[in-house]
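Have a look at the structure below, then the notes.
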Amino acid sequence: MASSDRSVGWLRTNQGVAACLVVAMLALLGYLLSQDWVYQQQRDGFRLGFFTMVSALVMLVCVGFTLIGKQKDQATPEMARMRGSDWLRGIAALLTMLVYYVLAWDAHFSQDWVRAILDVIPFTGDFLIWTVVFLTMGMAVLGVRPITSAITAGVIVSFVIFGLFLLIGIDLPQSVIGQLLGTSAA
Amino acid sequence: MINMDALYEAIALVFTWHTLMWIAIGVTIGVGVGAMPGLTATTGIALMLPLTFTMDQAAALGLLIGLYKGAIYGGSISAISFATPGTSEAAATVFDGHKLMTRGKGKKALLIALYASVTADFLSDVITIMIAPMLALVALKFGPSERFWLMVLAVCLLGALSGSHFAKGMLSAAMGLFIGTIGADPVSSVPRNTFDLWWLGEGIHLIPLVVGIFAMGAMLEKIVEMSTVKQKVQRLGGTVKGLFSMGGEGLSLKEYLSCWKEMSIGLGVGTFVGMLPGLGSTVGAFLSYGIAKQASPEKKIGTGKIEGVAAAEAGNNATVGPTLVPLLAFGIPGSAVAALIGAALMLQGATPGPRMFELFPTVIYSLFLILILGNFFNLGIGRVFAFVYAKLGELPPQVLVPIVMGMAVIGAYSYANNEWDVLVMLVFGIIGLFMRTFRIPEAPLIITFLLAPQAEENLRRGLLINEGDWVATLMNSPLAIGLAIAVVALTYISTRMRISERMTEIADDAEAAEAEAKAEKTS
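Line by line, the protein sequences give chains H and U. Heads up: the first sequence begins at 993 in this note's numbering, then just goes up one per residue. Heads up: the second sequence begins at -9 in this note's numbering, then just goes up one per residue.
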């Protein structure tokens, strides 16, 4: 249940978060209003930006209600205990996943600089190797001990995932180990 | 009228080793997902959804519906064993289930949970099969404006009933509408709202969206929880101990039958709640439990009685089939899980809605058969492996989180072999974390995202028919006017009477129950 503990900073209350969202919504509305496609009329007389504008306005009204509503001084328990470092931790986890994806799938997003970096890293595009690395590191960083348990779990789970997806018929990037086993999909 | 040819075809499709195997796999994974705290039916289905596009329709439905049924039941296993409900739906089970467990009657509690779940689930599926086609016949008479207003009404209902804050529910719905407008418009295919990014020209794909919002958001929340709650080094090997043996007091037929009243309450409440958009199985379980407690004070439900477990479990599992009724009859998913099952149907080329009964009768019959068959698989797998699953509740999140994250990347990419989808999934992961932290319900976002193109098509079709006259388009029949009035009335009532807050109080009892049980356990 939401808490109205006065020790919770204003920014974490419904009003504080809503105030930030109002700024974001106003910026979004400003951006939309500056776009030509919003006013573009289709052959059926319908304006292309109608639903987009309606949704942006409804979002603004909703955050407005949150800003001034009866629960404005309350904070959700999750928001109350979140620190800035927690958000950074979440973003770091996402970046780690992005790096894992780029390495395991040899994905360069049509960017030459990414391609240049990937060229010097060994085993890029090897699903099994990078999945083992990702899972083992993930478990170890999150606190699995002893490290050998994390390594064992990482290796086993990677092979199980690889095998399962192969059975289902979903292509995963080629793998040195997969080629050795004669099971590589790509 | 029953299309016999389609029915025979559906029987031939469903009763194959291939489909039966996928139902069994779905239930097996589902019970495990339910038993593991931190994973829900929605997360499990979101992760499995990308796999279904390589399967045939019956196998895909078998996997997802089996998983859904299994997960709703599976939550009770850890609720009874450790007073930690695997899913919020099972929180009401903690009250009596864990007390039975501490008295050495864990086996009895697990068995009544299973039997009550399967009984109510089976009977509510029968009701679903009878009601959905009748409602679809009514829905077929709706024109574009009636369909448009029905969708608006459903979105308002979702906003009103999901979460504790009407404005947050509606904010989620508006976010879904906004995301739904990214990419080409559904009528003239002109690109819009792409932020000048070429790779958004096709719009946001459903799979990265649901995987990001549900699976990734939940896992990021777990990571944050692990850092805020006192860090404890997790030693593998020593954690999974046999909590209880296969022995212990079982459940007699007489005891099972003595719970008929509580199971009936669960069936009635769960079926009704399941059909309403936005409420879901947690509310079903708590309402059913509360009514059963008041209806039979002499049974002293709440002090460790099998009747309490039966009421809660019947109440949550009875929502499984009925939650598909709005989807099948009107094409409007009433819950996040229904939206994901609807998405799976769309991936298979069958758009859910009243015309589905005419256009894809084989899919409909297959779905009905799988709904019924899933219960038998749930019964068998739950009966044999419940005690094994109980140990899954001890799987540390430190192991679980990286695995789910890895699966999320594979799922997001594999759907369309599009590298940008992974990026989209990660962005929605952080949005999902924000929504969880700020308690913005996720279901309205996904449902409105799915409904946005349909709503736009219906509105524009209506405008074409009425030569651009908005009033004639929106108010062209008494039913359309009635639905419009209902939307206004519902919005007014929701804001004045704070319905969502009252409904959430029911769900918040879940947290209180969990906290109480945990405190009891530690003392």
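Every residue, glycine too, gets a C-beta built ideally from N, C-alpha and C.
Per-residue DSSP class, three states only, for residue i
i: Gln1034 of chain H; result: coil
i: Val1000 of chain H; result: coil
i: Ile322 of chain U; result: coil
i: Lys98 of chain U; result: helix
i: His8 of chain U; result: helix
i: Val230 of chain U; result: Note that Val230 of chain U scores 33 on pLDDT, short of 50, meaning its location in the model is unreliable; the coordinates nonetheless yield the value given after this. Looking at Val230 of chain U - three-state DSSP - the assignment turns out to be coil, as it is neither helix nor strand.
i: Thr44 of chain U; result: helix
i: Phe1115 of chain H; result: coil
i: Pro27 of chain U; result: coil
i: Tyr405 of chain U; result: coil
i: Ala126 of chain U; result: helix
i: Ser135 of chain U; result: helix
i: Val310 of chain U; result: coil
i: Ser235 of chain U; result: Confidence in Ser235 of chain U is poor, its pLDDT being 48 and thus under 50, which makes the residue's placement too unreliable to answer from.
i: Val1015 of chain H; result: helix
i: Asp1098 of chain H; result: coil
i: Asp111 of chain U; result: helix
i: Ala340 of chain U; result: coil
i: Thr77 of chain U; result: coil
Minimum Cβ-Cβ distance from residue i to chain H less than 9 angstroms
i: Thr6 of chain U; result: no
i: Ser217 of chain U; result: yes
i: Leu454 of chain U; result: yes
i: Ser135 of chain U; result: no
i: Val391 of chain U; result: yes
i: Ser254 of chain U; result: no
i: Asn(-7) of chain U; result: no
i: Gln224 of chain U; result: For Gln224 of chain U, the pLDDT reaches just 45, beneath the cut-off of 50, and the residue's location in the model is therefore unreliable, although a value from the coordinates is still provided. Closer than 9 angstroms: yes.
i: Leu41 of chain U; result: yes
i: Trp410 of chain U; result: yes
i: Asn445 of chain U; result: Note that residue 445 of chain U is Ala in the sequence shown here, rather than Asn. Closer than 9 angstroms: yes.
i: Pro27 of chain U; result: no
i: Leu413 of chain U; result: yes
i: Arg486 of chain U; result: no
i: Val230 of chain U; result: Per-residue confidence for Val230 of chain U stands at a pLDDT of 33, beneath the threshold of 50, marking its modelled position as unreliable; the derived number appears in the next sentence. It does not; no Cβ of chain H falls within 9 angstroms.
i: Met45 of chain U; result: yes
i: Val399 of chain U; result: yes
Between the CA atoms of residue j and residue i - distance to the nearest angstrom
i: Gln47 of chain U; j: Thr33 of chain U; result: 21 angstroms
i: Leu1120 of chain H; j: His195 of chain U; result: 27 angstroms
i: Ala163 of chain U; j: Gln1063 of chain H; result: 20 angstroms
i: Tyr405 of chain U; j: Ser152 of chain U; result: 29 angstroms
i: Met1089 of chain H; j: Val399 of chain U; result: 8 angstroms
i: Asn307 of chain U; j: Ala31 of chain U; result: 12 angstroms
i: Gly332 of chain U; j: Pro434 of chain U; result: 14 angstroms
i: Pro344 of chain U; j: Val315 of chain U; result: 10 angstroms
i: Val263 of chain U; j: Ala150 of chain U; result: 14 angstroms
i: Pro443 of chain U; j: Gly170 of chain U; result: 7 angstroms
i: Pro387 of chain U; j: Leu469 of chain U; result: 51 angstroms
i: Leu413 of chain U; j: Leu1021 of chain H; result: 24 angstroms
i: Glu409 of chain U; j: Tyr403 of chain U; result: 6 angstroms
i: Asn1006 of chain H; j: Leu167 of chain U; result: 23 angstroms
i: Leu1164 of chain H; j: Gly1117 of chain H; result: 9 angstroms
Those residues which DSSP pairs with residue i across a bridge
i: Gly173 of chain U; result: U:Arg182
i: Arg945 of chain H; result: Missing from the structure shown is residue 945 of chain H; chain H here goes from 993 to 1178 and no further.
9 angstroms Cβ cutoff, residue i in contact with chain U
i: Ile1109 of chain H; result: no
i: Val1009 of chain H; result: yes
i: Leu1164 of chain H; result: yes
i: Asp1036 of chain H; result: yes
i: Leu1134 of chain H; result: yes
i: Gly1041 of chain H; result: yes
i: Val1046 of chain H; result: yes
i: Val1050 of chain H; result: yes
i: Leu1127 of chain H; result: yes
i: Val1000 of chain H; result: no
i: Thr1068 of chain H; result: yes
Report task. Taking a Cβ distance cut-off of 7 angstroms, strictly less, list which residues of the segment 417 to 438 of chain U are near chain H, in chain order. Result -> Gly419, Ile420, Leu423, Arg426, Thr427, Phe428, Arg429
Query raised in the report: Quick one, which residues of the segment 1139 to 1151 of chain H are near chain U if we go by CB-CB under 9 angstroms, in chain order?
Result: Ser1141, Ala1142, Thr1144, Ala1145, Gly1146, Val1149, Ser1150
Requested in this report: Using a Cβ-Cβ cut-off of less than 9 angstroms, list which residues of the segment 149 to 180 of chain U approach chain H; keep chain order.
Outcome: Gly149, Ser154, His155, Phe156, Ala157, Lys158, Gly159, Met160, Leu161, Ser162, Ala163, Ala164, Met165, Gly166, Leu167, Phe168, Ile169, Gly170, Thr171, Ile172, Asp175, Val177, Ser178, Val180
Requested in this report: Please name the residues in the segment 1012 to 1030 of chain H whose beta-carbon is closer than 7 angstroms to at least one beta-carbon of chain U, in chain order.
Outcome: Trp1029
Query raised in the report: Closer than 7 angstroms, Cβ to any Cβ of chain H: which residues of the segment 183 to 210 of chain U, in chain order?
Result: Asn183, Leu210
Query raised in the report: Which of the residues in the segment 1078 to 1091 of chain H, read from start to end, lie with their CB under 7 angstroms from any CB of chain U?
Result: Asp1078, Arg1081, Gly1082, Ile1083, Ala1085, Leu1086, Met1089, Leu1090
Query raised in the report: Using a Cβ cut-off of 7 angstroms, which residues of the segment 1094 to 1105 of chain H contact any Cβ in chain U, in chain order?
Result: Trp1097, Ala1099, Phe1101
Query - Near-chain H residues of the segment 329 to 342 of chain U (beta-carbon distance less than 7 angstroms), N- to C-terminal order - result: none
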